[in-house]
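Numbering (our numbering), first residue to last: 46 to 523.
The C-beta atom is built at its ideal place from N, Cα and C for all residues, glycine as well.
Only a predicted model underlies this, so the values are computations on that prediction, with no experimental measurement involved.
Data block below; observations after.
Here you go:
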């Protein structure tokens, strides 16, 4: 069974906290000068030490024999807090105590009474953003003017959900993601204590997967150590590390660099079906492109690959932010793939200016597959089988609709697509579907078109008869 390392090796002093030196230094200086605030608000990603910092402050302000702005960890107060055996430290999980009654019962009514054992009563409110509006309102007055024997420590991962009235009454600290170097250093100390020899490549791989979260890093390390060997190599560690491995990334990025949009999208969806975590995978792909970009900049600053790496990073970063909000999480990534492949092939986003001697064609761009300019409606129709094939390769629902599509009008950068049924028109005009089609058109035709779906004029005669009857009798079709 994997050991819960992040509990066993939770920092017991400020010096042991990783990656949050700006918070540690300020808190210790405030304590030394006797100017600690009455309420603190810690915000930042999960697993970076917010609750740990709150517990250390609770120890420090109650320690009977502090050592150089650090809790001693041996006095009765420190031992009681570490063991969770004191009634003067209140740890409240706001996620399960959201209503106003809990705030009144657990905080407002109890702050009036002096501590039972310790110097100060400390209220640690975790996931503070989960409190209801009425609970926040009830807390306001107490938070603004608490008794001298009370200290509030709030922690949240979503600061934007905390009311400004609460934020203004607290001293705010922003916690940052922990660097890979800091995580590796911390894990080296842990494996030394555990008496196990773990290759540095394993620790670096764990740090890369953890995304700056110490808790995730120590959780993964615990799984690796559970393998039971006294010496653990990267090959052994891969048995338990997440499936997002370098071979998958290299296959994906190779297809992307070669402008194989359909193949890249197919690989992405295949990986997801095999259980690869989308966010982990895209983070690793972004890291891969970043490494290539930095290598290119440092070794060959004039490399033609630099603009491509830069553009790919911009598109993937934007898509990664959007993927969590979509009903189909991989859709923004798929659209980014289409943009990367299409844009890279035409070179347009990477050229700051065209050469003076290069002729500029009026409203003409070369296609991906040949050098024939796309100028007319007839040429678009000739290319339509390729458009349809690309849509079929990257989307499951659109091909059935696009089978009945007719390119009815081409006006500059605007393209009208005709459909017999109004349902098809509404479906294609949905932004997520329209963007897919526009991305494929750009890839095949070499130009960006603004697509609009319209209902074909050559509707069946029966439809016209029905419509006239509907109008005559003032009804509507359902």
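CB-CB under 6 Å to residue 114, same chain, minus the five flanking residues each way: which ones, in chain order? 73, 76, 77
If you follow the alpha helix (DSSP H) that residue 121 is in, where does it begin and where does it stop? 121-128
For the beta strand (DSSP E) containing residue 218, name the first residue and the last one. 216-219
Cβ-based neighbour list, residue 298, same chain, cut-off 6 Å, excluding 5 preceding and 5 following: 333
Just checking my contact of residue 210 with residue 176 at CB under 8 Å: how many whole Å lie between their CB atoms? The pair is not a contact, with the Cβ atoms about 12 Å apart (cut-off 8 Å).
Using three-state DSSP, classify residue 406 as helix, strand or coil. Because residue 406 sits at a pLDDT of 34, beneath the cut-off of 50, its placement in the model cannot be relied upon, and the following sentence gives the value as read from the coordinates. In the structure shown, residue 406 sits in coil (DSSP, three-state: anything other than H, G, I, E or B).
In the DSSP assignment, what are the bridge partners of residue 88? 201, 219
Taking only the alpha-carbon atoms, compute the straight-line gap between residue 458 and residue 490 and give it to the nearest angstrom. 12 Å
Take residue 88 as the anchor and find which of 81, 368, 96 has the nearest alpha-carbon. 96
Quick one: is residue 487 buried, meaning 16 or more other Cβ sit within 10 Å of its Cβ, or exposed? buried
Have a look at residue 153 and residue 139 and give me their C-alpha separation to the nearest angstrom. 15 Å
Rounded distance between the beta-carbons of residue 422 and residue 455, thought under 8 Å: 4 Å
Check each candidate in 445, 237, 284 and name the one with the smallest Cα separation from residue 275. 237
Which residues mark the beginning and the end of the alpha helix (DSSP H) in which residue 434 is found? 422-439
Can you check whether the CB of residue 222 is closer than 9 Å to the CB of residue 256? yes
Specify the secondary structure class of residue 163 as computed by DSSP and reduced to three states. coil
Taking residue 451 as the reference, give the member of 443, 501, 277, 479 with the closest Cα. 501
Residues in the same chain with beta-carbon distance under 8 Å from residue 375, minus the five sequence neighbours each way, listed in chain order, please. 313, 314, 317, 323, 368
Can you name, in chain order, every residue of its own chain whose Cβ lies under 6 Å from the Cβ of residue 337, other than the five neighbours on each side? 354
Residue range of the alpha helix (DSSP H) that includes residue 234: 225-239
To which residues of the same chain is residue 357 closer than 6 Å at the C-beta, ignoring the five residues directly before and after it? 334, 385
Segments of 4+ residues assigned as alpha helix (DSSP H) that fall wholly inside the region 299-349: 306-318, 323-344
Residue range of the beta strand (DSSP E) that residue 283 falls in? Segment: none, residue 283 is in no beta strand (DSSP E) and carries neither H nor E.
Which residues in the same chain have their Cβ closer than 6 Å to the Cβ of residue 438, if we skip the five residues on either side of it in sequence? 307
Do you know offhand how far residue 159's Cα is from residue 98's? 24 Å
Decide if residue 330 is buried, meaning its Cβ has at least 16 other Cβ atoms within 10 Å, or exposed. buried
Starting from the C-beta of residue 467, find all residues in its chain whose C-beta is less than 7 Å away, skip the five residues before and the five after it, and write them out in chain order. 500
In angstroms with no decimal places, state the Cα-to-Cα distance between residue 328 and residue 107. 42 Å
How is the alpha helix (DSSP H) around residue 113 delimited, first residue to last? No alpha helix (DSSP H) holds residue 113; DSSP gives it neither H nor E.
Alpha carbon to alpha carbon, what distance is there between residue 352 and residue 310? 22 Å
Cα-Cα separation, residue 321 to residue 293: 10 Å
Does the Cβ of residue 224 have 16 or more other Cβ atoms within 10 Å, making it buried, or fewer, making it exposed? exposed
Are the region 162-169 and the region 126-138 in contact at 8 Å, needing three or more beta carbon pairs? yes
Own chain, CB closer than 8 Å to residue 82, minus 5 neighbours either side, in chain order: 75, 215, 216
Whole-angstrom distance between residue 280 and residue 436, CA atom to CA atom: 39 Å
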